[in-house]
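Chains as they are written, first to last, in UniProt numbering: chain A, 1 to 158; chain B, 1 to 1041.
Each residue gets a CB set at the ideal place from its N, CA and C atoms; glycine is no exception.
One structure is given below, encoded as structure tokens.
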Amino acid sequence: MSGGTRLENANPLIFQRSGERLLTAEEEDEEVADPIDDREIFDLIRSINDPEHPLSLEELNVVELVRVNVNDNESTVSVEFTPTIPHCSMATLIGLSIKVKLLRSLPDRFKIDVHITPGTHTSEQAVNKQLADKERVAAALENSHLLEVVNQCLSARV
Amino acid sequence: MRAKRSLTCGLCMMAANGAVLLGLVEEFVSGQQDSKAAETATGVKTGLFTILELVEALGWSLTSCEPRVRARGVQLLSWVLQECCGSLSEKEAEVLTVFYENRLKDHYVITPHVLQGIKALTQSPALPPGLAVSILKSLFQDIHVQSLMQAERSCVYSILLNLMESREEELKKLGADFVFGFVQAIDGEKDPRNLLLAFQIARNILHRGYELGLFAEELFEVTSCYFPIDFSPPPNDPHGVTREQLVLALREVLSGTPSFAEFLLPLLIEKLDSDVQSAKLDSLQTLTACTSVYGHRELKDFLPGLWSSLRREVFQTASEKVESAGLSALHSLTACLSHSILDSDSEDSLHGFLDLILKDCQHHLCEPDMKLVWPSAKLLQAAASASYRASYKITAVVMPLLLEQYNSHTQNAQRRTLLEVLQGFTQRAQGSSPEEGDESVLSGFRQPLCSLVFSALTESSPALQATASRVLTALGLQPGLLSESDIQLAADHLTRLILREEDQQSCSAAMESAGSLAALYPAAFAARMVPQLKEEIFSGPPAEPTEDRSAGRSQQAVRQRGMKALAAISSRHSLIQESVPVLLQVLCSAHAGSGSFCAEEVVSACQSLQQIVEQSQDSEETSRFFHHTVIPQLLGLAVQAALRGGDSTTPRSCLTEERVLSAMAPVVSQACSRLHSELAARTASMAVSFFLDGDLTFLPENNFPKHLQLLNKQPDGWLQSQLVCLLMACVCSLPRSVEVPQIDRLLSQLEELSCTCTHPFSYTSAAKCFAGLVNKHPAGEHLDLLLQKLVKRIDSELDRASSPFRVQTFTLLLWVAKALLLRYHPLSTTLTDKLLSLLTDSELGPRAADGFSLLMTDSVDVLSRACHAHVHIMYRQRFFTENSPKLVQGFNSSPKETKSCYLKALSHMVTSLPRQVQLSELPTLLPLLLEALSCPDRGVQLSTLSCLHPLLLDLPQALTLHLDTLVSRLRALTTSSAMNVRISALRCLHALTRLPDHLVLPFRLGVLRALAVPLDDKKRLVRREAVLARGEWFLLGSPGR
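Below you can see the structure in the form of structure tokens.
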């Protein structure tokens, strides 16, 4: 962020990044089918950039492996995320980024549910409602300014 | 009479010349024919007319009352002067200068041509002293520069530059008036081309010591108004002025003198606050540039302001570029303060500045899990690395703090962060090396640092251990810091980590640390580490042989780590002498069957030996050691193993296994390639007489049967014949100057072996050995005869479809073709044509296609530069240009069944070409490669994809025509049945997103739809590539990319 503006939370706690997923022999075997598991979903979202800091959502502990649940057979995914401070104004944007990333990266068959970890944000209900509403998500992505910020969060950092 | 006649003749000619000149002038001035100027100039140059005559001829036009006529006249004169300014006399130059100065007062249409003329005069070496000053005075007085056109303004700047080059003394006598005139002239300049010239003048003024007088501020104002440069050249800009050129030119002006400091520093502080990233970067870089000319007097008033800006940038930035520019500005600022000379009455501003930094950063180091701990550490380290004094002061504060924090925090993650910060400070301490007599800044903390590091090495967290190993290395690299007992303790700790820690990360960090420290303290490592490693390697299997296979596996892993560590520490001869015998002993006991070493461990031992040979510096004593001890022992063991194998009562030694021999060969080959010529010749004759005559006198234990004939056919012969790979390692890697004895006998036996042996490893090694020798064989009739005989044999063998030795013969053909190709031997075409013809062979076709990959790539063990082979640099290009048309033609004319062999060969060939050649050749080959993508052979698909992938980005031109086909072929391959083909195809699709938007956007929707399928692929690795590719295709043409 540029010089003049103050950050909402200038010195947040930093958490350690988990290493790359270790390659197993099964994954290299042509014949074995690898189910989509929690870690795979977590790997999709952990490197999303925070809109304010030059840090990933994982480093800020906004997303955690234990808060990701996937059921490959029933095609459902549920992700809980935790804003760094209870009145964080970026919560909707972060949720939207996670949702868009999953929409782009998972097969159609999945039903994707993204919401705030219960009790960690002042306007939890409102944010969850927005994120669950398909039409509002679609409308948000029509807004080119919002789309730009979301895309920046999803770009690989150079 | 005759003299008179020639005189009249001359007069006539002069009169004639005069008429010609008048004609030229007339046609130029009144006739408006520009070409006449060049003719006139040629006339003056060749001496047909003089300048004086030209002026006389111009007379009427120069005095005409019509300004346009006068302009035309002056123009002609100026053009001619530009061509002939070198040949002017001093008198002419003076007269012309006075004339031109006068013309400056004339009508404005004339001015451009007057300036051209003056510019030409300032280039003349004949300009008399004093005129420079008078030209400048008239220019500054009579011309308002900024109301001229761009070209004329450029002309004025060029005049100034010319005079500065040739008349520096005179201009300096003008004093500050010169600067004042210049300031007025450039005030308001907007053209980037002119700005480059103006900045150059300003730079000259500052760097060459022109007097600024009262005008320092004016000069600053008139240049600093462009800072920071905001310029983006129009597309297709013909003038080629870039933003970087302007930035650098302006920076040299602004940072050119300490007298600008009081104006510049506030400006920089202001611009650092800007929202534009490039402005921030430029300000930081300009600040860094200033520190090389500033002293503490210039800086002292601005230090608090500068510090708070720098701190803000490093604490808050989202850009790595800004951060590193900020850090290097802080570094050079501190260095500048450390080096500047103090007045007797002023206080040391370095201390004040460092206090500021410490005050703001220190407390963040106490919060190791917060974000700001890293920026603070980086700032402190940047300042500390600037000078010994700075490092001393900062270390004195930070070290006790970090030591205390480490002990008061108990979580591994926090401790690791603190240790990593500490590592930064210990490494920085090396950067600011103490001068003679000063001791290391860390020496006061040796005791607590060592105990901290050693305790961290015993912690359970691998990450903590790994960081501690790196800190240990940094401490060890500080000369004289660690005591002998510290080093011994360190060696013990590292040994423990290497042998006992299962974790890959901490083990390899320990190994790396041991490697660096052993090079500095060989004695300690020879005494402490080598014996422990040896004991561990030879410790028997667990006392009670359990069924637990994991215990056996872990013991094997420990042994392998031990051997790796032996290799890592062996860079000094004294250590090599200790470690190599241990590794050789592993081979001995593996052969003897004691110690339960398996083949894999023996392979590791060989790899360690190879690494030791590679990293040993080419010292005489090491070379001798390998010649006398290592090579004979290896050969002896291999022969013993081969001979014992014939006995059916004992189990076969693992040294007869192909993979063990393949690991042993590079050790021999590396060692031989490094021998000095006398030793090399002895090794060669030893090896040859050993293999040909069974002469074993050099072997350590001489209990072999006489008349050993290793290369001849024998019952159960492969055990012995495969040893030919060691012969190859020996004789094919010697320096080219070494003559191999009995070469004819050797070659004929090798030929026989490679053509008639049935054991693949043996006949391939024999073929390679043969090829290696042929490659180095001196050119001449002898070689040609030998090769012709060989070709005949190969031909007759391959033409007999029933022959049982076709594969063998083909192998020999391939390797000899490679040997000749590398040295540009004329016969190589015959052999490659033979290979091309085999592409249609039903039995050998696929092998021949793969052979092209072998021809084009470097082989490791033979025919490489490391083995001193004859290798022409450009052989790949040459081979490609000679053979690719033949391949294309063969592809077009061959029946469907054999087309794939041609494609495979072609794809192999293109893949191994150097990138530059690929780029220039690919446009013509692209259709064929696209064809190869639809060829059903997976190998062809894969090698074509891996060849295309790096090229996609550089070929937008060639691709535009085929993008349609390419995208559809790639889409089809994303559902291939082979996983690595799917992965490569997805990577190529991913790479396409970096082509220009307008090329790929039309495909966006289709590709996104196609990429949705592999998102549900059954393999995770494929899904991962699909996610990456699809994410990028979504971003295409979308805001925020």
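Residue-level contact to chain B via CB, residue i, 8 Å cutoff
i	result
A/Leu147	yes
A/Ala25	no
A/Ile14	yes
A/Arg46	no
A/Pro83	no
A/Glu30	yes
A/Gln125	no
residue 233 of chain A	Not covered by the structure: residue 233 of chain A. The range shown for chain A is 1 to 158.
A/Arg104	yes
A/Ser155	yes
Residue i, buried or exposed, once every other Cβ within 10 Å from all chains shown has been counted against 16
i	result
B/Tyr108	exposed
A/Asn151	buried
B/Cys654	buried
B/Ala543	Any answer about B/Ala543 is weak, because its pLDDT of 47 lies below 50 and its placement is not dependable; what the coordinates show is given next. When all chains shown are included, B/Ala543 counts as exposed.
B/Ser443	exposed
B/Pro545	With a pLDDT of only 48 at B/Pro545, under the threshold of 50, the placement of this residue in the model should not be trusted; the figure read from the coordinates follows. Classification of B/Pro545: exposed, given that the 10 Å Cβ count is below 16.
B/His872	exposed
B/Cys12	For B/Cys12, the predicted model reports a pLDDT of 48, less than 50, meaning its position is unreliable; a value from the coordinates is still stated below. Counting Cβ neighbours within 10 Å, B/Cys12 comes out exposed, since fewer than 16 surround it.
B/Arg624	exposed
B/Ser984	buried
Sub-8 Å separation of residue i and residue j beta-carbons
i	j	result
B/Ile118	B/Ile143	no
A/Ile116	A/Ala91	yes
B/Val114	B/Glu170	no
A/Ile112	A/Leu103	yes
B/Leu295	B/Leu310	Position check: residue 295 of chain B holds Gly in this sequence, whereas Leu was assumed. Cβ atoms of B/Gly295 and B/Leu310: not closer than 8 Å.
B/Arg243	B/Phe227	no
B/Leu723	B/Leu747	no
B/Leu337	B/Leu287	no
B/Ala771	B/Ala819	yes
B/Val471	B/Leu422	yes
B/Leu163	B/Ala249	no
B/Ser589	B/Ile612	no
Min CB distance residue i to chain A below 8 Å
i	result
B/Gly1040	yes
B/Ala641	no
B/Arg1020	yes
B/Gln362	no
B/Lys271	no
B/Ala590	no
B/Met909	no
B/Met664	no
B/Ala1010	no
B/Ala543	Caution is warranted here: a pLDDT of 47 is assigned to B/Ala543, below 50, making its placement in the model unreliable, and the coordinate value is therefore given only provisionally. Chain A, which has no Cβ nearer than 8 Å to the Cβ of B/Ala543, makes this no.
B/Thr1015	Looking at the sequence itself, residue 1015 of chain B is Leu, so the reference to Thr does not match. With 8 Å as the cut-off, B/Leu1015 counts as an interface residue toward chain A.
Proximity test, residue i beta-carbon vs the ligand FAD heavy atom, cut-off 7 Å
i	result
B/Arg103	Looking for the ligand FAD in the displayed structure turns up nothing, as the structure carries no ligands at all.
Unbroken beta strand (DSSP E) run spanning residue i, endpoints
i	result
A/Glu80	Thr76 to Phe81
A/Ile116	Lys111 to Ile116
A/Val68	Val68 to Asn71
Unbroken alpha helix (DSSP H) run spanning residue i, endpoints
i	result
B/His296	His296 to Leu299
B/Phe805	Premise fails: B/Phe805 is in no alpha helix (DSSP H) and is neither H nor E.
B/Lys173	Glu168 to Lys173
A/Leu93	Ala91 to Ser105
- prompt: Using a beta-carbon distance cut-off of less than 7 Å, what residues from the region 1022-1035 of chain B approach chain A?
  reply: Val1027, Arg1030, Gly1031, Phe1034 and Leu1035
Residues from the region 58-71 of chain A in contact with chain B, defined by Cβ distance under 9 Å: Glu59 and Leu60
- prompt: Residues in the region 190-205 of chain B with C-beta within 7 Å of chain A's C-beta atoms, listed in sequence order?
  reply: none
- request: Could you run through the region 384-396 of chain B and flag, in chain order, every residue whose CB is less than 7 Å away from some CB of chain A?
  value: none
Residues of the region 403-417 of chain B with Cβ closer than 7 Å to any Cβ of chain A, in chain order: Ala413
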